[in-house]
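A.B. asks:
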Amino acid sequence: MASEQVECGDYLVERIPVVEEKQQLVTEDVYTARIEATQTSQILRFAAKTLPNLNGIEHVKRVRRESAEPNGKWLLVILCQCKMMDRDKLDAHLKGTEWEDSQISVNKVPSYPPYTRDQFEQWKTIWPVAYRPPVKLKKLIFNQEEEAYIQACLLEVDELCHQNYSTGSRSVAVVIGNPVTRNTVARSTDRTRETGNPLRHAAMCCIAQVAQGEVERLATREKGTLQTRNKSDLDDDNIHLPLKRTHEEYDSEKIEPSEDVANYLCEGLDVFSSKEPCVMCTMALVHSRIGRLFFIDESESGGISHYSMHCIKALNHHFTAFKCVRLTNAEK
Ligand SMILES: [Zn+2]
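For the sequence shown, counting from 1, position 244 maps to 275 in my numbering; every step adds exactly one.
#1: Taking the alpha-carbon of R320 as reference, which of Y42, I327 and H341 has the nearest alpha-carbon?
#2: Looking at C-alpha atoms only, which residue of F325, C309, F350 and L324 is the closest neighbour of E331?
#3: How long is the line joining the alpha carbons of L43 and T359, rounded to whole angstroms?
#4: I need the residues with a C-beta less than 6 angstroms from some heavy atom of ligand 1; please give them in chain order.
#5: Taking DSSP's pairing of strands, which residues face C236 in a bridge?
#6: Which residues bound the beta strand (DSSP E) around D149?
#7: Three-state secondary structure (DSSP) at C297?
#8: Give the secondary structure of K53 by DSSP, where H, G and I count as helix, E and B as strand, and everything else as coil.
#9: Identify whether S304 lies in helix, strand or coil by the three-state DSSP scheme.
#10: What did DSSP end up calling F173 once you bin it into helix, strand or coil?
#11: So Q73 is in the alpha helix (DSSP H); what residue range does that whole segment cover?
#12: Run through the DSSP bridge pairs and tell me what Y62 is partnered with.
#13: What's the call for I172, buried or exposed, on a 16-neighbour Cβ count within 10 Å?
#14: Between the Cα of L346 and those of H337, F326 and L316, spot the shortest distance and give me the residue it belongs to.
#15: By the DSSP assignment, the alpha helix (DSSP H) with L121 in it spans what residues?
#16: Below 8 angstroms on the Cβ atoms is my contact criterion, and I expect E97 with L107 to pass it. Report the Cβ-Cβ distance as a whole number of Å.
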């Protein structure tokens with residue numbers, strides 16, 4: 032799998048593959064019948080009526096030529112998956128039909144749909160499969176302004192880290208940026224030591240800042256009529272959950288969602304971190320629906336490189352994650 036890297040000034044930015052891109056070829060067995068091309072529709076009708084449907088391998092093509100010859104007479108047609116019935120039962124189904132004397136064999140087919148073109152090229156040699164390139168797998172390209180914005184945010188993270196380190200705290204810093212305006216909207220260092228609160232990781236502090244900023248902005252906009260949480264809930268040293276605004280809340284508050292009001296706290300925002308976020312912070316980033324995460328140092332217990340939490344199918348939000356390597360002067 033070719034890795035995607037782009038240089039952004041002092042940093043080499045590399046997209047972290049999603050789980051599907053790392054998937055190796057896995058196969059399962061199917062029964063096939065050897066038939067002439069003219070019999071295809073008949074045997075498919077027979078299979079549809081009397082045999083179990085194909086389940087979970089809809090990406091697999093039902094029919095293939097027996098040989099590579101373009102005008103070969105013989106085809107192999109998938110009858111059903113071997114896990115659905117044993118061979119004796121299949122023979123019993125075929126007995127007395129026009130397919131009784133067909134040559135039945137067991138063939139392997141790819142268990143999963145290919146996600147990348149490389150997987151497609153490799154897996155289709157086992158058995159023909161359909162391929163739909165995922166929309167989000169578009170080529171990694173940053174324009175000049177975006178490169179400058181990414182570099183500026185990463186430099187800010189490094190600078191914050193440096194300042195924090197000199198005060199004796201752990202050297203972790205996070206900046207949240209808006210990719211549209213290219214401004215930073217929150218910044219924080221790790222505050223666990225100075226507050227004695229083990230949850231005050233830099234990313235959590237930044238999300239809290241975005242939450243507070245949103246509350247203040249909406250309160251100003253509604254001229255104080257907006258029902259917000261108690262001020263004590265918003266004290267900087269209290270962890271508070273992102274204020275998810277549902278459509279019902281919009282309705283009850285008579286606030287019309289507009290282009291500048293996100294439905295989730297950090298929807299579409301970029302998070303820049305000196306260290307790969309831990310599992311807790313990564314989950315908070317998923318819940319607040321960030322658009323992209325850029326981190327510099329990998330972590331042994333990180334939510335991305337070890338748990339791929341940015342692309343877990345069961346979660347209702349996914350984001351793109353990038354690992355950023357500082358380039359030395361010689362590497363630039
Ligand atoms: Zn954390």
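Glycine included, C-beta positions come from ideal geometry on N, C-alpha and C. Just so it is clear, the structure is predicted and the values come from calculations on it, not from any experiment.
C.D. replies: Put simply:
#1: H341
#2: C309
#3: 10 angstroms
#4: H232, A234, P308, C309, M311 and C312
#5: Paired residues: none, contrary to the question.
#6: Element bounds for D149: not the beta strand (DSSP E) but the alpha helix (DSSP H), R148 to W154.
#7: coil
#8: helix
#9: strand
#10: coil
#11: T71 to T81
#12: C111 and V137
#13: exposed
#14: L316
#15: R118 to L125
#16: 5 angstroms
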